[in-house]
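Undergrad:
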Amino acid sequence: MRYLLTLPLLLFALSLTAQLDWVAHHPGTITYTLDLENVQQHELRVTIDFPAVPPGVFYVKMPQSSPGRYAQHNFARNVYDVEVSGGGAGAAHVDRVDPTSWAVTGHSGRVTFSYTLFANGGDGTYSGVDDRKLHLNMPASFPYGEQLSDRPILLQLREGQRPGWEVATQLVDLGGRRFAAPNYYYFYDSPTMVGTIMRDEFTVTSGQRVDTIAVAMVHDGSREDFDAYVVMVDSVVHAQQRIYGELPAYDYGRYTFLCAYNLYIGGDGMEHRNSTVCSAPVDLAGNEQALIGTVSHEFFHCWNVERIRPASLEPFSFDHVNMSGELWFAEGFTSYYDDLALLRAGLLEPADYAQRLAGQLNYVVLAPGRQHRSPIAMSQQAPFVDAATANDPDNYANTFVSYYPYGATLGLALDLELRQRGHTLDEMMRLMWQRYGRPEIPYHIRDIQLALADVVQDSAWAQQWFADHIYGSALPDFTELLQPYGVSIAQREPDSVGFYGLRLRDTDEGLEVGGPVVENSPLYAAGLDQGSLITSLDGHQVSSQADWSELVRGLRLGQEYEIGFRQLGREKTGRFTAGSDPSFTGSLIEDADAEQLGRRAGWLGQ
Numbered sequence: 003m004r005y006l007l008t009l010p011l012l013l014f015a016l017s018l019t020a021q022l023d024w025v026a027h028h029p030g031t032i033t034y035t036l037d038l039e040n041v042q043q044h045e046l047r048v049t050i051d052f053p054a055v056p057p058g059v060f061y062v063k064m065p066q067s068s069p070g071r072y073a074q075h076n077f078a079r080n081v082y083d084v085e086v087s088g089g090g091a092g093a094a095h096v097d098r099v100d101p102t103s104w105a106v107t108g109h110s111g112r113v114t115f116s117y118t119l120f121a122n123g124g125d126g127t128y129s130g131v132d133d134r135k136l137h138l139n140m141p142a143s144f145p146y147g148e149q150l151s152d153r154p155i156l157l158q159l160r161e162g163q164r165p166g167w168e169v170a171t172q173l174v175d176l177g178g179r180r181f182a183a184p185n186y187y188y189f190y191d192s193p194t195m196v197g198t199i200m201r202d203e204f205t206v207t208s209g210q211r212v213d214t215i216a217v218a219m220v221h222d223g224s225r226e227d228f229d230a231y232v233v234m235v236d237s238v239v240h241a242q243q244r245i246y247g248e249l250p251a252y253d254y255g256r257y258t259f260l261c262a263y264n265l266y267i268g269g270d271g272m273e274h275r276n277s278t279v280c281s282a283p284v285d286l287a288g289n290e291q292a293l294i295g296t297v298s299h300e301f302f303h304c305w306n307v308e309r310i311r312p313a314s315l316e317p318f319s320f321d322h323v324n325m326s327g328e329l330w331f332a333e334g335f336t337s338y339y340d341d342l343a344l345l346r347a348g349l350l351e352p353a354d355y356a357q358r359l360a361g362q363l364n365y366v367v368l369a370p371g372r373q374h375r376s377p378i379a380m381s382q383q384a385p386f387v388d389a390a391t392a393n394d395p396d397n398y399a400n401t402f403v404s405y406y407p408y409g410a411t412l413g414l415a416l417d418l419e420l421r422q423r424g425h426t427l428d429e430m431m432r433l434m435w436q437r438y439g440r441p442e443i444p445y446h447i448r449d450i451q452l453a454l455a456d457v458v459q460d461s462a463w464a465q466q467w468f469a470d471h472i473y474g475s476a477l478p479d480f481t482e483l484l485q486p487y488g489v490s491i492a493q494r495e496p497d498s499v500g501f502y503g504l505r506l507r508d509t510d511e512g513l514e515v516g517g518p519v520v521e522n523s524p525l526y527a528a529g530l531d532q533g534s535l536i537t538s539l540d541g542h543q544v545s546s547q548a549d550w551s552e553l554v555r556g557l558r559l560g561q562e563y564e565i566g567f568r569q570l571g572r573e574k575t576g577r578f579t580a581g582s583d584p585s586f587t588g589s590l591i592e593d594a595d596a597e598q599l600g601r602r603a604g605w606l607g608q
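One gets this note's numbering by counting positions in the sequence shown from 1 and adding 2 to each.
Below, the structure is given as structure tokens:
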């Protein structure tokens, strides 16, 4: 989320006393008051005071998109019991004019808009309200007044309700459980947690600037578990600072991790300008290693995507989705660095990283979707896949590769190829930060290519790399790329017949294909698809997974076989050539020489 440093924002940089006075007395301040009386039923009553409303019909609208998400959402479906008053002698009236909008007429220049919000799905996108907490994602919770986007916003809790509940947010704390934003852009980018919160903070020096990093957590564990986790967060922050050389200049000198690890929250991670949401329906204790990866990913975003920002996401629209072709870089390269930062922070072992790489390569390298779409086109699918909903089946098993692991794989390839040329991907990320992130100038795909060319001082090589891997969908040989670093990527079972990605399940009717059959599977050419019932293999009857496994063990590589199956109520046969399972395993080379170990240490920071 990016916004302009307007006059209201400059005023917000003043002292707390000045902030409080300015917001409280500004004639245009829009106030949201939260009534917590019925939170145990997942209902939040909200009253919005819109002062100085323009004459004529005044429209109140619920957002349809949320910062950090790339799909459209139906937040308005959980808004009901709408009431309005118009101030003075005006007999205000409200009509719902479309699924996300209400028209207020008859007002006298001031509108009070009240409604009930049902929220029982807290995560990085949706809100959750219950007897334990408020987990508020602003676009999912609060409508806005049309043509009032530059007005200051005040959020407050009704006095006397849940006095023991604390508030954690990147909004400016004005005291008395009142919080402010300079405008709607910042307000909607500021998730807020309310409840029993465990807190700690530390400082990080960047040149002459000292930033405060806060950790606010809703969890049911011990203070000792929390304190140990804060140490892990600290190490991640410093590892990523070393990549860029500095932290971003957070707007109020603070960055806040809003963590919720408990059984009454959803799992997610979502970046914001000066904060991030990291949530999971598990306890912190015993799950630290799994949870810290989300912290690493989301914190890297405070450079890459929040400030090194694609022009396609600017200006961010709350009424419809922004489509971006740069997510292979914004999300994918971030995914490459989230594990790399854990390695450099000492929170991930190289052997475990090698195994993770193999899993990632299995998904990306073996995916048939790369034959249909480039990384740019995969990124442009985000409106349909990023927590989006649809009722009709799709063919994504054959046509889509997530831009997260796809981009991470490209980041790995580029980093290793740059290291062969005496450079690193860190250099390119720093250059993107200096050119586009620090000054907050939105970039285009061409700008990434130019940055790469400047790092290697070879524009022809950079142009060819982008032609092959970004505009095209080619991938290098990772076995060859990783070997100089003492990492082995090898085929899992090259000498036996296998069917990578084939999902089977026993049913009352027989052995059913339980998932999509990918295009590069031998069974795709034989005509099988999801829902087919396998009845025979090489002339032998098949009725269960045990039968299938036994018969597959007798097949020989390179031989052609017949398979029988029932599809759409008809008996059919097809033929296929048996091949091995192409999936990879990853490990460290045990007898790596000193040169390999040195390269690996330079890369992984070990």
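All C-beta atoms, glycine included, are put in the ideal place defined by N, C-alpha and C.
By how many angstroms is the C-alpha of ASN393 removed from the C-alpha of ARG558?
TA: Each residue's Cα considered, the two are about 41 Å apart.
Undergrad: Is the region 419 to 428 in contact with the region 453 to 462, if contact means three or more CB pairs nearer than 8 Å?
TA: With a cut-off of 8 Å, the region 453 to 462 and the region 419 to 428 count as touching, because enough Cβ pairs lie within range.
Undergrad: In three-state DSSP terms, what is ASP37?
TA: The answer is strand: DSSP assigns ASP37 an E or B state.
Undergrad: Please report the distance separating the alpha-carbon of LEU286 from that of TYR263.
TA: In a straight line, the C-alpha of LEU286 is about 6 Å away from that of TYR263.
Undergrad: Candidates ASN76, VAL113, MET64, ASN80: which alpha carbon is nearest SER87's?
TA: That would be VAL113, whose Cα lies nearest to the Cα of SER87.
Undergrad: Would you say the region 464 to 476 touches the region 505 to 523, given that touching needs at least three Cβ pairs under 8 Å?
TA: The region 464 to 476 vs the region 505 to 523: no contact.
Undergrad: Would you identify the three-state DSSP class for PHE204, choosing helix, strand or coil?
TA: In the structure shown, PHE204 sits in a strand (DSSP, three-state: E or B).
Undergrad: Going residue by residue through the region 372 to 432, where are the continuous alpha helix (DSSP H) segments of at least 4 residues, counting only ones entirely within it?
TA: With a minimum length of 4 residues, the continuous alpha helix (DSSP H) runs that stay inside the region 372 to 432 are 377 to 381, 384 to 387, 398 to 401, 405 to 422.
Undergrad: Pairs of beta-carbons, one from the region 240 to 257 and one from the region 298 to 306, closer than 8 Å: are there three or more?
TA: Counting Cβ pairs under 8 Å, three or more are found: they touch.
Undergrad: What separation, rounded to the nearest whole angstrom, lies between the Cα atoms of VAL520 and PRO370?
TA: Roughly 7 Å separates the two Cα atoms.
Undergrad: ALA262 bridges to which residues according to DSSP?
TA: The partner list for ALA262 (beta bridge, DSSP) reads VAL220, SER281.
Undergrad: How far does the beta strand (DSSP E) with THR118 in it extend, from its first residue to its last?
TA: Run containing THR118: 113 to 120, per the beta strand (DSSP E) assignment.
Undergrad: Who are the Cβ neighbours of GLY1 in its own chain at under 6 Å, not counting the five residues just before and after it?
TA: No statement about residue 1 is possible, as the shown extent of the chain runs from 3 to 608 and does not include it.
Undergrad: Inspect the CB distances between the region 377 to 394 and the region 487 to 496 and report whether three or more fall short of 8 Å.
TA: Contact between the region 377 to 394 and the region 487 to 496 is absent, because fewer than three Cβ pairs lie under 8 Å.
Undergrad: Residues in its own chain within less than 6 Å of GLN357 by CB, not counting five upstream and five downstream?
TA: The answer, listed in chain order, is GLY588.
Undergrad: Could you pull out every residue in the same chain whose Cβ sits closer than 7 Å to the Cβ of ALA347, ignoring the five residues on either side in sequence?
TA: These residues qualify, in order along the chain: SER237, VAL238, ALA241.
Undergrad: Using the three-state DSSP reduction, which class does LEU477 fall into: helix, strand or coil?
TA: In the structure shown, LEU477 sits in coil (DSSP, three-state: anything other than H, G, I, E or B).
Undergrad: Helix, strand or coil for PHE14? Go by DSSP, reduced to three states.
TA: Reliability of the predicted coordinates at PHE14 is poor, the pLDDT of 43 falling under 50, and no value is obtained from them.
Undergrad: Using the beta-carbon count (16 or more within 10 Å), is ARG372 buried or exposed?
TA: That one is buried.
Undergrad: Just to confirm my understanding: we take LEU18, look at its own chain, exclude 5 residues before and 5 after, and list those with CB closer than 6 Å. What are they?
TA: Per-residue confidence for LEU18 stands at a pLDDT of 47, beneath the threshold of 50, marking its modelled position as unreliable; no derived number is given.
Undergrad: Please work out which residues of its chain come closer than 6 Å, Cβ to Cβ, to GLN2, disregarding the five sequence neighbours upstream and downstream, and give them in chain order.
TA: Beyond the ends of the chain as shown, which are 3 and 608, falls residue 2; an answer cannot be given.
Undergrad: Which value, in whole angstroms, describes the spacing of the CA atoms of GLY600 and ARG71?
TA: Near 40 Å, if we compare the C-alpha coordinates of ARG71 and GLY600.
Undergrad: Considering Cα atoms alone, identify which of GLN383, VAL366, ASP175 is closest to ASN324.
TA: When each option's Cα is compared against that of ASN324, the closest is GLN383.
Undergrad: Would you list the residues sitting across from VAL323 in a DSSP beta bridge?
TA: In DSSP, VAL323 forms no bridge with anything.
Undergrad: What are the residues that DSSP puts in a beta bridge with THR509?
TA: Partner(s): GLY512.
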